[in-house]
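Down below is the structure, laid out as C-alpha cells.
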Amino acid sequence: MTLVGWAQIALFCAVVIALVKPLGWYMTRVFSGERTFLSPVLRPIENALYKVSGVNERSEQDWLTYAVSMLIFHIGGFLILYVLLRTQGFLPFNPQGMTAVAPDLSFNTAVSFITNTNWQNYGGETTVSYLTQMLGLTHQNYLSAATGIVVAIALIRGFARASTRNIGNFWVDITRCTLYVLLPICIPLTLFLVWDGIPQTLGAYVDATTLEGGKQTIAVGPVASQVAIKMLGTNGGGFFNANAAHPFENPTAFSNFVQMVAIFALGAALTNVFGRMVGNQKQGWAILWVMGVLFIAGVAVCYWAEAAGVTGLNELGLTGGNMEGKEVRFGLSASALFAVVTTAASCGAVNAMHDSFTALGGMIPMINMQLGEIIVGGVGAGFYGMLIFIVIAIFVAGLMVGRTPEYVGKKIEAKEVKMAMLAILVLPLMYLGFTAVASVLPSALASIANPGPHGFSEMLYLYTSSTANNGSAFAGITGNTPFYNITGAIAMFVGRFFMIVPALAIAGSMAEKKTVPPSAGTFPTTGGLFVGMVIGVILIVGGLTFFPALALGPIVEQISMTRNMLF
C-alpha cells in the first residue's frame, strides 16, 4: 500500500461526498414536480410524451398499481430485446454481419439487461450488432436504471407521506428520471469519454497492419454513449468483452476515476433526497455514514490483500503486490478501489479480473454482493435495500426497549418486517440453491476452468452476482451453456423483482400510516448509535445469509451420493 494509493481513495470519497447535496437537491425537485433549470427545454418534451402515451401526470397510483405498471413495462422491454437479439442478422447497423444470438443466450441477455444486471455470457464485439448495442442494450441501460431510482423514490414517499394510499405515478416517475436526470448527465459524460479516447462511431471495424506486417482487426463502434450510462446507471455491461479493462472503454487513469465517481454519484445522492423529503437531512447523512463505514472497511481489506501479494511469489522474491489480471495503467489501488466500488454498487463493470484477485481480495466483492449491495448499491436499488435493513434494525431496537419501533415518525409493524425479511431471504435462496445444484451436475462442472475450491467460488460468485443484479464474474467459468443461461436468468429475475415488490409493499403500508410525533422513548436515528446499530444488523443478518455457503460442501456431497444411488 502506498500514500499515493490512499490519496486516490480519499480523493474519490471526497468528490462523491461533494456531489451528494447538489444532486440530492436537484433530484428532489425533479421528483416533486418542481421547476428546474432544464424545465424550459425539457418540459415541452415531457408534456408531449404524456400526451402521446395517454398518461395523466396528476393521477397517482397505490403501491400495487405502481408495481403492476413496473412489471408490465419490463415484460415489454424483455420481449423487444429478445426479438432484437434473435433477428439482428436481418436488421441494419450491422457492418460486421453479426448473426442471430442463440435462444438460451438471448433469453439470458434480455433478462440480464431489464434487471439492471448486465451479466454477459458473450463478447460484445464478436456477438451483437451496433443496432443491438444501441437500441437494445443501451436503451435498457437507461430504463432499468431509471426503474431502480423511481422505486427508491416511491419508498421514500411512503415514509414522507401520511394517511394516503398513493406513492406516485410510475409512468411519470420513469419519464422524469430519464429526461431530467439520466440523459442530462450522460450527454456531457459521453462527450468527455470521446475526448479522452473512447470511440463513438457507426463505421465498420478497422483493419490495421502491425509492425511485424500482420493484419489486425480493431473493434470500434458507438462505445462512449454506452459506457456513460453503464456507469451512471450502475449497469456494468461492456461494449467489449474485457469491459472497463479494455482501453477503448477506459483508456486512462482519469477516465477510470470519472467512471468510478459516476457509479456512486446518484446512489449516494439518494440519501440526501430521503433526508429532504422526510424533512430532516440528518436522516440522510446517517444512512450515508452507514454506507461509508462499510465501504471504507471493504476498500481497506481489498487494497491491503492485493498489495500484500501472493505468498508463493513473495517467497521467490517477486514482491510488489498481486498484479495478475490487472492493468498497469491503473495499478493496485485503482484496481482494488474499482472492484469494491463496482460490487458495493450493483454495477458489475470491471477494470481488472476478479478471478485473479487474492483469496481475501476476491472475498470482499463477493461479500459486498451477498450483503445485498446496499453499500450505495445500484441506483435506487441500493437505497431501497438499505431502507429494508433499516426496517429490521429499527424493529430489533424496538424489541430491546419494549416499544413499538418507529422510524421518521412511522411505526414499524409486523407487515413491514415480514416484507423486509422476504426481500432479504430471496438472495441466499437463489445463490446458495443454484450453486448447490450446479455443484453436482456434470454439465455444470464441465464449465469450470479451475477445479477445486476456487472452481466452487467461481460458481458461487456467478449466482451471487446474478441474484444481486451485479453482473461481474470470476471469469474462469464458462457461463454460455443452456444450464447457466437459464438458471442465471431465473436468479437475475428473482433477485430484482422479488426485492422490488416487497419494497413497494412497504412503501404503500408506510404511506397509509399517520405520522407519530417523537417522544422521550423514541430511538434517535441520526446519531452514532443508530449508525452502529444498522451496521451491526447488516453484518449479522447478512452474515446469516452468506455464511451457510461454508456449509455447502457436506450438503453437496450428500446430494451427490443420493444422486449416484438413484441413477
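Straight run, no breaks: the sequence shown in our numbering ends on number 572.
The beta-carbon is built from N, C-alpha and C at its ideal position, and this holds for glycine as well.
Model, not experiment: these values are computed from the prediction.
If you look at G493, you'll find it in the alpha helix (DSSP H) that goes 487 to 517. In the DSSP assignment, K220 is bridged to T214. Judged by DSSP in its simplified three-state form, G173 adopts strand.
Here N490 is buried, its C-beta having at least 16 other C-beta atoms within 10 Å. When beta bridges are read from the DSSP output, Y412 appears opposite K415.
A distance of 8 Å or more separates the beta carbons of V381 and F400. In this structure, T531 sits near A291, with a CB-CB distance shorter than 8 Å. Measuring C-alpha to C-alpha distances from I14 to each of L188, A258, L427 identifies A258 as the nearest. Counted as a single uninterrupted DSSP element, the stretch harbouring Y185 is not any alpha helix (DSSP H), since DSSP gives it neither H nor E. The straight-line gap separating the alpha-carbon atoms of F479 and M328 is approximately 16 Å. Relative to F262, the option among C191, G326, V346 whose CA is nearest is V346. Only residues of its own chain outside the window of five on either side were considered, and among them Y87, N490, I491, A494 have a CB closer than 8 Å to the CB of F112, listed in chain order. A straight-line Cα-Cα distance of about 24 Å links V232 and G81.
Taking C-beta atoms as the reference points, N121 and N455 fail to come closer than 8 Å. Residue pairing for K26: DSSP places it in no beta bridge. By the Cβ-count criterion, F498 is buried, with 16 or more other Cβ atoms from all chains shown falling within 10 Å of its own Cβ. Inter-residue distance for V35 and V155 is about 11 Å (C-alpha atoms, whole angstroms). Look at D201 here: in three-state DSSP terms it is coil, with no helix or strand label.
Look at the beta carbons and you see the stretch 185 to 192 not touching the stretch 156 to 164: under three pairs across the two are nearer than 8 Å. Taking C-alpha positions only, I395 is separated from V406 by approximately 17 Å. By the criterion of at least three beta-carbon pairs nearer than 8 Å, the stretch 272 to 282 is not in contact with the stretch 359 to 377. In the three-state reduction of the DSSP assignment, P227 falls in the strand class. Excluding its 5 nearest sequence neighbours in each direction, G330 has C-beta neighbours in its own chain below 6 Å: A357, M358, S361, listed in chain order. In the displayed model, I482 falls within a strand according to three-state DSSP.
Check the Cα spacing between D67 and each of N373, G94, V506, G457: the tightest is with V506.
A distance below 6 Å between beta-carbons, with the five flanking residues on each side excluded, links A516 to the following residues of its chain, in chain order: G163, R166, T169, I172. Relative to T114, the option among A525, I372, G242, I545 whose CA is nearest is G242. By the 16-neighbour rule on beta-carbons within 10 angstroms, Q125 is buried. Residue environment: L207 is assigned as exposed (fewer than 16 neighbouring CB atoms within 10 Å of its CB, all protein chains considered). The residue among A270, N240, G297, D201 with its C-alpha nearest the C-alpha of P252 is D201. If you draw a straight line from the Cα of Q145 to the Cα of C352, it comes to about 14 Å.
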